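Before any comments, here is the structure.
In our numbering, the protein residues as written are 2 to 99.
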C-alpha cells in the first residue's frame, strides 16, 4: 500500500486500513461502494498479522460479508509492505440481490 505522499504505514493494521481506503476510492470512481464487493483476497507476509488485518477488514465488511480468503506469502515487491488486499465488486450488485 502506497500513500499518495510519503512512506507506507509501518504496521499491518495501518497498511490494511490504507489498502481499504484505496479500494474505497477506486469503488467510488466506478460508481460503486463497499456494499458492491463480493470477494476479497488478503495477502500477508507474516501470519502473526492476521488478527490486526482481520480487524481492519471487519471494520469495513462486518455487515457486508463478502467471500474472503487470507493467504500468507513469502513477500511483496517492496519489503516494507506487509499486506495487500484485492477486492472484486459487482456493479449494481445490491439491485440484483433484491
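Where is the CB? At the ideal position from N, CA and C, for every residue including glycine.
Predicted, not measured: the structure shown is a model, and the values here were computed from it.
- Rounded to whole angstroms, the Cβ separation of residue 38 and residue 88 is 5 Å, and the two are in contact under 8 Å.
- C-alpha of residue 54 to C-alpha of residue 13: approximately 6 Å in a straight line.
- Residue 17 sits close to residue 57, with the two beta carbons spaced by under 8 Å.
- Between residue 85 and the set 51, 92 and 66, the nearest pair of CA atoms involves 51.
- Taking the Cα positions, residue 45 is about 14 Å away from residue 21.
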